[in-house]
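Undergrad:
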Amino acid sequence: MKIRFLHLFIFIISISFSTYSAQSQENKRSYYVWAKSGLSIREEAQKKSEKIAVIPYGSKIEIIEISDNELTITVFPKFRYTDNWIKLKYKDYTGYSFKGYISEHKPPAISENSLKSYLNKNYSLTNEVVVKPENCDYAECSVSSFYTYKEGVTYSLSESEISSEKSISIPSLNTLQAFILSTHFCSIDPKAEIQYFDEPLPTIRVVLDKAGCDFTITTLGNFTVINWWSGC
Numbered sequence: 009m010k011i012r013f014l015h016l017f018i019f020i021i022s023i024s025f026s027t028y029s030a031q032s033q034e035n036k037r038s039y040y041v042w043a044k045s046g047l048s049i050r051e052e053a054q055k056k057s058e059k060i061a062v063i064p065y066g067s068k069i070e071i072i073e074i075s076d077n078e079l080t081i082t083v084f085p086k087f088r089y090t091d092n093w094i095k096l097k098y099k100d101y102t103g104y105s106f107k108g109y110i111s112e113h114k115p116p117a118i119s120e121n122s123l124k125s126y127l128n129k130n131y132s133l134t135n136e137v138v139v140k141p142e143n144c145d146y147a148e149c150s151v152s153s154f155y156t157y158k159e160g161v162t163y164s165l166s167e168s169e170i171s172s173e174k175s176i177s178i179p180s181l182n183t184l185q186a187f188i189l190s191t192h193f194c195s196i197d198p199k200a201e202i203q204y205f206d207e208p209l210p211t212i213r214v215v216l217d218k219a220g221c222d223f224t225i226t227t228l229g230n231f232t233v234i235n236w237w238s239g240c
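Anchor point for the sequence shown: position 212 equals 220 in this note's numbering, and the numbering is continuous, going up by one each time.
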């Protein structure tokens with residue numbers, strides 16, 4: 009069932025990718041802050057520059073320009089993320105911030121605990137498919153659901169009495185933001201093992217020692233795929 013589920017999800021991603029790629033990108037979009045502790049605005053595009061203000065998580069900002077200067081941060085051992093500084097405007101403040109925490113996608117509210125609810129609030133649902141196997145009367149039998157959104161986002165869910173698996177594909181969401189989204193809906197245990205691989209595809213893998221919520225983040229071109237699973 010899981011192999012079949014994965015094949016269907018990959019097929020939906022390919023459809024979504026084609027649709028999203030064909031859409032016009034001319035419309036100006038809003039940008040949002042993804043830093044959970046807030047994002048600092050500085051006078052210059054460098055880390056030691058004086059701090060002007062801190063932009064709260066989820067705030068909307070305006071990008072003025074992208075700087076040539078870069079900043080590298082360490083998210084966890086073996087995973088370092090590099091991105092440019094940007095000049096931005098937030099309310100009456102104008103200054104420089106790290107681009108890695110800025111996205112066209114709106115982050116989930118701190119109180120949001122449902123991935124499907126977050127998606128339905130922020131994206132336009134275009135299709136929903138539910139697959140229920142016939143004559144299924146045992147615990148491992150899964151019901152699978154697939155959702156596609158106008159913005160190129162896809163979401164799939166497979167649930168049984170003993171386990172569940174969720175997958176989401178989002179265009180133009182960087183690995184740093186995907187890690188924030190992943191941990192929002194799957195809190196990391198201090199004992200969790202966090203791994204990062206560059207090959208064959210850039211992938212982050214978080215695994216607990218016991219049954220619980222684990223996840224992987226994989227970059228596929230312009231798309232980032234997050235897969236959560238829990239149970240036995």
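Note that CB positions come from ideal geometry on N, CA and C, so glycine has one too.
What you are looking at is a predicted structure, and each value in this text was computed from that prediction instead of being measured.
In the DSSP assignment, the beta strand (DSSP E) including F154 goes from what residue to what residue?
TA: In the sequence shown, residue 154 corresponds to position 146, counting from 1. Element bounds for F154: V151 to Y157.
Undergrad: By the three-class DSSP mapping on this structure, what secondary structure does I212 have?
TA: Locating residue 212 in the sequence shown gives position 204, where the first residue counts as 1. Strand at I212.
Undergrad: Leaving aside the five residues before and after A186 along the sequence, list all residues of the same chain whose C-beta is less than 7 Å from its C-beta, in chain order.
TA: Residue numbering aside, residue 186 sits at position 178 when the sequence shown is read from its first letter. Closer than 7 Å at Cβ, skipping near neighbours: I225, T232 and I234.
Undergrad: Excluding five sequence neighbours on each side, which residues of the same chain lie with their C-beta closer than 6 Å to the C-beta of K174?
TA: One-based indexing of the sequence shown puts residue 174 at position 166. L165 and W236.
Undergrad: K107: buried (16+ other C-beta within 10 angstroms of its C-beta) or exposed?
TA: Taking the sequence shown and counting its residues from 1, one reaches residue 107 at position 99. With 16 or more other Cβ atoms within 10 Å, it is buried.
Undergrad: What are the residues that DSSP puts in a beta bridge with V139?
TA: Residue 139 sits at position 131 when you count from the first residue of the sequence shown. DSSP lists S152 as partners of V139.
Undergrad: Quick check: the Cα distance between I60 and I176, rounded to an integer number of angstroms?
TA: Here residue 60 is taken as the residue at index 52 of the sequence shown, counted from 1. Here residue 176 is taken as the residue at index 168 of the sequence shown, counted from 1. Rounded to whole angstroms, I60 to I176 spans 36 Å at the Cα level.
Undergrad: Mind pulling the beta strand (DSSP E) runs of 3 or more residues that sit fully within the stretch 55-140?
TA: Complete beta strand (DSSP E) runs here, min 3: 59-63, 68-84, 87-98, 101-106 and 133-139.
Undergrad: If you draw a straight line from the alpha carbon of C221 to that of K55, how long is it in whole angstroms?
TA: In the sequence shown, the residue the question calls residue 221 occupies position 213. In the sequence shown, the residue the question calls residue 55 occupies position 47. If you take the alpha carbons of C221 and K55, they lie about 35 Å apart.
Undergrad: Could you tell me the distance, in whole angstroms, from the CA atom of L47 to the CA atom of T191?
TA: For this step, residue 47 is matched to residue 39 along the sequence shown. For this step, residue 191 is matched to residue 183 along the sequence shown. Distance between the alpha carbons of L47 and T191 is about 18 Å.
Undergrad: On the CB-based measure, 16 or more other CB atoms within 10 Å of its CB, does N182 come out buried or exposed?
TA: As a working note, residue 182 is residue 174 in the sequence shown. N182 comes out buried.
Undergrad: Using a Cβ-Cβ cutoff of less than 6 Å, which residues in the same chain neighbour P210 once the five nearest sequence positions on both sides are dropped?
TA: Your numbering for residue 210 matches position 202 in the sequence shown. These residues qualify, in order along the chain: T227.
Undergrad: Closest by CA to T156, which one among S172, I178, E167 and E169?
TA: Locating residue 156 in the sequence shown gives position 148, where the first residue counts as 1. Checking every option, the nearest Cα to that of T156 belongs to I178.
Undergrad: From D100 to T80, what distance separates their C-alpha atoms?
TA: Locating residue 100 in the sequence shown gives position 92, where the first residue counts as 1. Locating residue 80 in the sequence shown gives position 72, where the first residue counts as 1. Approximately 28 Å between the Cα atoms of the pair.
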